[in-house]
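Here's the structure, in structure tokens; my notes come after.
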Amino acid sequence: MASFVSVVTGQLRLMPAGGLPRDLFALGIASKIRIDRNSTAMASSDFGRIVEAAPEAVLHPATPSDIAALIRFSASSPVPFPVSPRGQGHSVRGQSLAPGGVVVDMRALGRGHHSRINVSADYVDAGGEQLWIDVLRATLQHGLAPRAWTDYLRITVGGTLSNAGIGGQAFRHGPQIANVQELDVVTGTGDMVTCSREKSSDLFFAALGGLGQFGVITRARITLEQAPKRVRWVRLAYSDVAAFTRDQELLISKRASEAGFDYVEGQVQLNRTLTEGPKSTPFFSEADINRLAGLASMSGSAAIYIIEAAMYYNDTTASYVDKKLEKVLEQLSFVPRFVFTKDVTYVQFLDRVREEEEVLRSAGLWDVPHPWLNLFIPRSRILDFDTGVIKGLLGGTNPVGVILMYPMNTAKWDERMTAMAPLAGEDMFYTVGLLRSAVVASDLELLERENQAVLAFCHKEGIGCKQYLPHHMSQDGWQQHFGTKWSSMAELKAKFDPHTILSPGQRIFRSTGSVAST
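Anchor point for the sequence shown: position 136 equals 136 in the UniProt record's numbering, and the numbering is continuous, going up by one each time.
In structure tokens form, the structure reads like this:
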């Protein structure tokens, strides 16, 4: 294999041709290392399908100690090689790839005979390789469930916790990383450390949202709550963005959230998407889509804005849910009669993206490039962003995918963790996700240009947005390059920008300017 450049402890080093050190295959883990073409090919791409980079080998660990042995060997080698843990491979820019190095197939940890999901009275211990859907199923057997979720559940615990893990419950409970009590982490020197807020706290806070740059999460202790049984699922349509954002902010405020919805997100439907896109979705019927398209035409708005919300309930509260919903809706300014509701089980709601995935797979639209762009936008600039980007740069487009826009409460984010909210001194900020797919080859270049135009607009207009890794459908791949001992994490963390997109073989350090980009 040709030589390539690896970045270790901030310095460029040339890897010798010929691959990995031969001594690697004399270790006790040698029988668990695969170098055949099928194994390396499967670890050469990710969900993003933008970057391809082949590893020299793939490790199938039986225990976390196997991962530790690999990392110790790399760290002690004259020229350390990349090591990249891979769960479901849902990174979008090659973060779960290890060009010329070793990919760790984290899923192998869950293939043993002993359970890696153990439920207690108020928490669950889950292996970093476990899928969130399996954590949900295991905890529901005890009438319990985690409090915070991403929109897509077939990704790994270690993956989302290495990013942030945000979704519609974050306004109340914070991101998933704010709901972790304890971690087991394999550090960059191959040490196996159990850490928490009280024990080895610098590693604990660095690893949560640290994109795997501070260690491999092999176990997480996650806070649980009593699980509801059913969900009243609601979507409300707006033609005015000011009313849309004002109502969202009301719903996540303390005054409204304590007695209101348990989940709040928002979507933007561009006019051409409504008129030329799918005629129905798993939520909206064809008649619903036609009504929304008619609303866009009648209002003259470049887009229709939709608040998506959910109200949880059980048998004991079922008789009150309708009155509770009615009381909340009375406070809002959505377009009259544009209220769409469904009543589903708790599992159906949390696993709702699975149905959309099946539709996309059947249409051949799942395994395509995903040049996603995800941003945190200060609350004070969201209307400027809407004018310049949604109505301006993207106003005449017809993307295949979803545009998300919804606020979160800054106070629910722990600034000690590596993943941080925008430092704008505001009590709320918005997450915006341009989750678009390139269904034909020419789409990828176009969408990438549009992404760059969005970042350039933010920079030019002084919108202090933060670019971050996808939070709901692409969490569980993260790049790992070691060389810094975890006990000095505070120094490295000061240089680290968790919102910058990684390329294969890169470490991340803080970038300058109002927009953190590649």
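Every residue gets a Cβ at the ideal spot worked out from N, C-alpha and C, and that includes glycine.
Cα separation between Pro55 and Ala30? Looking at the two C-alpha atoms, the distance is approximately 16 Å.
Using the Cα positions of His90 and Asp288, report the straight-line distance between them to the nearest angstrom. Whole-angstrom Cα-Cα distance: 32 Å.
Indicate whether Asp105 and Val58 have their beta-carbon atoms separated by less than 8 Å. Cβ atoms of Asp105 and Val58: closer than 8 Å.
Tell me which same chain residues have a C-beta within less than 8 Å of the C-beta of Gly110, skipping the five on either side of it? For Gly110, the CB contacts under 8 Å within the same chain, skipping 5 residues up- and downstream, are Arg116, Gly127, Glu129 and Gln130 in chain order.
For Pro282 and Leu161, I'd like the C-alpha separation in whole angstroms. Cα atoms of Pro282 and Leu161: separation of roughly 28 Å, rounded to the nearest angstrom.
By the DSSP assignment, the beta strand (DSSP E) with Asn409 in it spans what residues? Element bounds for Asn409: Val400 to Asn409.
How many whole angstroms separate the CB atoms of Leu394 and Val432, which I take to be in contact at a CB cut-off of 8 Å? At roughly 11 Å, the Cβ-Cβ gap does not stay under 8 Å, so Leu394 and Val432 are not in contact.
Check Gly388 in the structure and name its three-state DSSP category. Gly388: helix per DSSP, three-state reduction.
At a cut-off of 7 Å, is Pro99 close to the ligand MG when judged by its beta-carbon and the heavy atoms of the ligand? The model depicted lacks the ligand MG and carries no ligand whatsoever.
Taking only three categories from DSSP, how would you classify Val321? Collapsing the DSSP output to three states places Val321 in a helix.
Complete beta strand (DSSP E) runs within the segment 174-254 (minimum length 3 residues, chain order): Runs found: 180-186, 192-196, 216-226 and 230-238.
State the DSSP-derived secondary structure class of Asp46, mapped to helix, strand or coil. Asp46: coil per DSSP, three-state reduction.
In terms of residues, what are the limits of the alpha helix (DSSP H) holding Arg436? It is not in any alpha helix (DSSP H) - Arg436 instead sits in the beta strand (DSSP E) that spans Met428 to Ser437.
Contact between the segment 177-186 and the segment 205-212 is defined here as three or more beta-carbon pairs at a separation below 8 Å; is this criterion met? The segment 177-186 vs the segment 205-212: in contact.
One or two residues paired with Ile377 in a DSSP bridge: Among the bridge pairs identified by DSSP, Ile377 is matched with Tyr430.
Contact belief for Arg232 with Tyr313 at Cβ below 8 Å, rounded distance in angstroms: About 7 Å; that satisfies the 8 Å criterion.
Report the option in Leu365, Gly112 and Tyr238 whose CA atom is closest to the CA atom of Val440. With distances taken between Cα atoms, Val440 lies closest to Leu365.
Range covered by the beta strand (DSSP E) that runs through Asp343: Secondary structure note for Asp343: its beta strand (DSSP E) is the uninterrupted segment Val339 to Thr345.
What ranges does the alpha helix (DSSP H) occupy inside the segment 37-100, keeping only unbroken runs of at least 4 residues that lie completely in it? Qualifying alpha helix (DSSP H) stretches, in chain order: 37-42 and 64-76.
Should the segment 375-387 be regarded as contacting the segment 178-195, the criterion being three or more beta carbon pairs within less than 8 Å? Contact fails: fewer than three Cβ-Cβ distances are below 8 Å.
Which residue marks the beginning of the beta strand (DSSP E) containing Gln269, and which one marks its end? Where Gln269 is concerned, the enclosing beta strand (DSSP E) stretches over Tyr263 to Leu270.
Beta strand (DSSP E) segment containing Met311, residue limits: Taken as a continuous stretch (DSSP letters only), the beta strand (DSSP E) holding Met311 covers Ala303 to Tyr313.
Taking the Cβ atom as the reference point for each residue, do Asn398 and Thr273 lie within a distance shorter than 8 Å? In this structure, Asn398 places its C-beta atom within 8 Å of the C-beta atom of Thr273.
With a cut-off of 8 Å on the beta carbons, I'd call Tyr346 and Lys229 a contact; round off their distance for me. Beta-carbon to beta-carbon, Tyr346 and Lys229 are separated by about 6 Å, close enough to satisfy the 8 Å threshold.
What residues in its chain sit with their C-beta under 7 Å from that of Ala237, if we drop five residues either side in the sequence? Sequence-distant partners of Ala237 (beyond 5 residues in either direction) whose C-beta falls short of 7 Å from its own C-beta, in its chain, are Leu292, Leu295, Ile304, Ile306, Phe334, Val335 and Phe338.
From the DSSP output, read off the bridge partner residues of Thr156. DSSP output for Thr156 lists Leu131 as bridge partner(s).
Looking at the secondary structure, which residues open and close the beta strand (DSSP E) in which Val105 lies? Here the sequence assigns Asp to residue 105, which means Val is not the residue at that position. Looking at the DSSP string, the run of the beta strand (DSSP E) that includes Asp105 is Val102 to Asp105.
Take Pro85 as the anchor and find which of Arg361, Phe214 and Glu448 has the nearest alpha-carbon. When each option's Cα is compared against that of Pro85, the closest is Phe214.
Taking the beta strand (DSSP E) that Ile117 belongs to, which residues open and close that run? DSSP places Ile117 in the uninterrupted beta strand (DSSP E) bounded by Ile117 to Val119.
Taking the C-alpha atoms as reference points, what is the distance between Phe457 and Asn271? Distance between Phe457 and Asn271, taken at the CA atoms: about 22 Å.
If you check the beta carbons only, do Leu435 and Trp149 fall under 8 Å apart? For Leu435 and Trp149, no; Cβs fall outside 8 Å.
For the structure I just gave you, are there three or more beta carbon pairs, one from the segment 315-324 and one from the segment 244-252, closer than 8 Å? Segment contact: the segment 315-324 against the segment 244-252, fewer than three CB-CB distances shorter than 8 Å; contact not assigned.
Check whether the Cβ atoms of Pro99 and Ala41 lie closer than 8 Å to each other. The Cβ atoms of Pro99 and Ala41 do not sit closer than 8 Å to each other.
Should Leu410 go down as buried or exposed, given a rule of 16 or more other Cβ atoms within 10 Å for buried? A small correction: the amino acid at residue 410 is Thr; Leu does not occupy that position in the sequence shown. Around the beta carbon of Thr410, 16 or more other beta carbons sit within 10 angstroms, so the residue counts as buried.
How about Val102 and Val83: do their beta carbons lie closer than 8 Å? Yes.
Span of the beta strand (DSSP E) around residue 524: With the chain running from 1 to 518 in the structure shown, residue 524 is simply not present.
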